[in-house]
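**Student:** One rule links them: number in the working numbering = place in the sequence shown (from 1) + 1317. Have a look at the structure that comes next, please.
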Amino acid sequence: MSLIIGRVWKFGDNVNTDEIIPGKYLRSKDVQIFAAHAMEGIDQEFTKKFRIGDIVVAGTNFGCGSSREQAPLALKYAGVSCVIAKSFARIFFRNAINIGLPLIEVDIECQEGDKVKVDLAKGEVTVSDRDIFKGNKLPDFLLEILNDGGLVAHRKKQSASKNINL
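This is the structure in structure tokens:
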């Protein structure tokens, strides 16, 4: 998972969880409902234009607002392969890692539609095969959680390996 390639969808600063998944959809527990309405609070056409594997790029404080886990779930199940932002709200960051949604803190210069390559292991983003931006590399233990598909899958894997080794 350390190399992710996708097309950019660009957003600004302070994208909040209500914009990522509006509150009116939170009565459901169906992640496909969340996915169908991802980013609807900012761009009502997002899920119609978006392609699985595309990447969300934003400014500072992405995922601010409430602590709802549905926001990163909406992005993950919509098919977002990674979120790149200058900074993340801490609870969104933690929720994203917990559900296995890759993210990286880095300030990049790009345009909507650009192709980017994200190397999580190096903490780098390459824009249009020419400009490399260095960001905050995730610690190895967070990369391991992401590679396992999230915290629950990671803990199950750990438990299974302990049972095998007894």
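Just so you know, even glycine gets a beta-carbon here, dropped at the ideal spot from N, CA and C. Nothing here was measured: the structure is a model prediction, and the numbers come from that model.
#1: Is it buried or exposed, K1393, if we count other Cβ atoms within 10 angstroms and call 16 or more buried?
#2: What do you reckon, are the CB atoms on T1443 and K1403 nearer than 7 angstroms?
#3: Ignore the nearest five residues each way along the sequence and tell me which others in D1465's own chain have a CB closer than 6 angstroms to its CB.
#4: Apart from the five residues just before and just after H1354, which ones in its own chain have a Cβ nearer than 8 angstroms to its Cβ?
#5: Which residue comes first and which comes last in the beta strand (DSSP E) that contains F1450?
#6: Have a look at G1467 and L1459 and give me their C-alpha separation to the nearest angstrom.
#7: Pick helix, strand or coil for D1465, following the three-state DSSP scheme.
#8: With DSSP collapsed to three states, give me the class of A1375.
#9: Quick one: grab the DSSP three-state call for L1483.
#10: According to DSSP, is E1336 part of a helix, a strand, or is it coil?
#11: Report yes if the C-beta distance between A1375 and F1450 is below 7 angstroms; otherwise report no.
#12: Less than 7 angstroms between the C-beta atoms of E1336 and G1358, yes or no?
#13: Only counting the same chain, and skipping five residues up and downstream in sequence, which positions put a Cβ closer than 8 angstroms to that of Q1428?
#14: Quick check on K1479: buried or exposed, where buried means 16 or more other Cβ atoms within 10 Å of its Cβ?
**Tutor:** Short version:
#1: Buried, by the Cβ-count rule.
#2: no
#3: For D1465, same chain residues with a beta-carbon under 6 angstroms away, outside a window of 5 residues either side, are H1471 and K1474 in chain order.
#4: Same-chain partners within the cutoff: I1338, P1339, Y1342, T1364 and A1391.
#5: D1448 to K1451
#6: Cα atoms of G1467 and L1459: separation of roughly 9 angstroms, rounded to the nearest angstrom.
#7: coil
#8: Here A1375 sits in strand by DSSP.
#9: Here L1483 scores only 41 on pLDDT, less than 50, and its place in the model should not be relied on; the value that follows carries that caveat. Coil, per DSSP.
#10: helix
#11: no
#12: yes
#13: V1325 and K1327
#14: exposed
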